[in-house]
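What follows is one structure encoded as structure tokens, with my remarks underneath.
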Amino acid sequence: MAGFHISGDPLDFLKGCTIDFDLTTGLSQKVDTGKRYLSQMKGMFADEAAFQAALEKEDSLIYEFHGMPVPETAGDLAFGCSILNPGKIGDEYYFTKGHFHTILETGEVYYCLKGRGYMLLENLEGDWSAQELSAGQAVYVPKRYAHRSINVSPDEQLVTFFVFRADAGHDYGSIETKGYRKLLVERDGAPAIIDNPNWE
Ligand code: ZN
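Residue numbers (our numbering): 26 to 225.
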């Protein structure tokens, strides 16, 4: 299981510190870890019957994220690592919930450490794009765009490093209620972008 550990002296975000992102070892107690299970994503996948069937079998871990406890000020940069498992509900690939920033005018960078997938971007005016993410590629998320990562690999985790303005905050509400305009599904063994039939 991927993760990262911290070596050396205690974290010091005022004087500086070095953090060793090691994807093969366990997690430090010092990071803020969040986990999202299938049961926490009710109503977010397009195929509700497939969602229920999958949930009856197992409440699978969809993704986890590990954030550094950086002070939440405008001059600091929050960063960490997100790990999205492979899998599908119906023909729709596993994804992270996705969010806008509470301070809408803030961007973010994601750098892919492992796996392959997409970053789905969408703004309030309806402009959208799906940016490729594979190991070695970085995606720039512009300010004012909601962002969600999607794992299209059949068997490999999608692991990304992220960094954003530390006071930006997360707004999940509008995505949870309205969803995204577009979905990434498997068609003839390859990823395809379709309109979300349940949007709004
Ligand atoms: Zn963000």
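Quick reminder that beta carbons are idealized off the backbone N, C-alpha and C, glycines included. Quantities reported herein were computed from a predicted structural model and do not represent experimental measurements.
Reducing DSSP to helix, strand and coil, say where residue i ends up.
i, result
"residue 215", "strand"
"residue 163", "strand"
"residue 224", "coil"
"residue 89", "strand"
"residue 174", "strand"
"residue 102", "strand"
"residue 63", "helix"
"residue 180", "coil"
Considering just the uninterrupted stretch of the alpha helix (DSSP H) at residue i, what are its terminal residues?
i, result
"residue 200", "198-203"
"residue 39", "Taken as a continuous stretch (DSSP letters only), residue 39 belongs to no alpha helix (DSSP H), as it is neither H nor E."
"residue 133", "Per DSSP, residue 133 belongs to no alpha helix (DSSP H); it is in the beta strand (DSSP E), 133-139."
What does the alpha-carbon distance come out to for the pair residue i and residue j?
i, j, result
"residue 215", "residue 209", "10 Å"
"residue 177", "residue 140", "9 Å"
"residue 83", "residue 40", "45 Å"
"residue 182", "residue 153", "24 Å"
"residue 224", "residue 200", "10 Å"
Measuring only from the beta carbon, is residue i closer than 6 Å to any heavy atom that is part of the ligand FMN?
i, result
"residue 133", "The ligand content of the structure shown is limited to the ligand ZN, which means the ligand FMN is not among them."
Run the CB neighbour count on residue i, radius 10 Å, all protein chains shown included, and call it buried at 16 or more, exposed below.
i, result
"residue 149", "exposed"
"residue 107", "buried"
"residue 119", "buried"
In chain order, what residues of the same chain have a beta carbon less than 8 Å from the beta carbon of residue i, not counting five sequence neighbours either side?
i, result
"residue 134", "163, 164, 165, 166, 187, 188, 189"
"residue 159", "137, 140, 141, 142"
What residue range is occupied by the uninterrupted beta strand (DSSP E) comprising residue i?
i, result
"residue 187", "183-190"
"residue 149", "That residue, residue 149, is in no beta strand (DSSP E); it is neither H nor E in DSSP."
"residue 80", "Premise fails: residue 80 lies in the alpha helix (DSSP H), 73-82, not in any beta strand (DSSP E)."
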